[in-house]
Amino acid sequence: MSDDRRATVWASTFVPGKSPIPGYGQDGYSVAWVDTSDGRLQVLVSGPRPAPGTVGRVVEKTLEDNRITLFEAQSE
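Take the sequence shown: its letters are residues 9 to 84, numbered as in the working numbering.
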């Protein structure tokens, strides 16, 4: 997988529970389904829950010993 690629949110939801990933989403977290040039992916969200149509990028980050894939919305 590319380390950085464009994506558009198809749908997203907020999970009001603690994330099982240490260092991420301790007070709840968002999951998004995003469309990329490689197809639709389900990813965690960096920042607030994005609305459908939000443009951004998919990135891979390491939190503690966990490599995770995140959607980051484009800055306005």
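Just so it is clear, CB atoms sit at the ideal spot from N, CA and C, and this is done for glycine as well.
Could you give the distance in angstroms between the alpha-carbon of residue 36 and the alpha-carbon of residue 51?
If you take the alpha carbons of residue 36 and residue 51, they lie about 15 Å apart.
Within 8 Å, do at least three Cβ pairs link the stretch 60-77 to the stretch 13-25?
Yes: at least three Cβ pairs fall under 8 Å.
Compare the beta carbon distance of residue 75 and residue 20 with 8 Å and say whether it is the shorter of the two.
In terms of Cβ geometry, residue 75 and residue 20 do not form a close pair [threshold 8 Å].
Residues near residue 60 in its chain [Cβ-Cβ closer than 7 Å; skip 5 each side]
Within the same chain, and ignoring the five residues on either side of residue 60 in sequence, the residues whose Cβ sits closer than 7 Å to its Cβ are 17, 18 and 19.
Can you check DSSP and say which residues form a bridge with residue 50?
Per DSSP, 41.
Measuring CA to CA, which of 28, 47 and 83 is closest to residue 72?
Out of 28, 47 and 83, 28 has the C-alpha closest to the C-alpha of residue 72.
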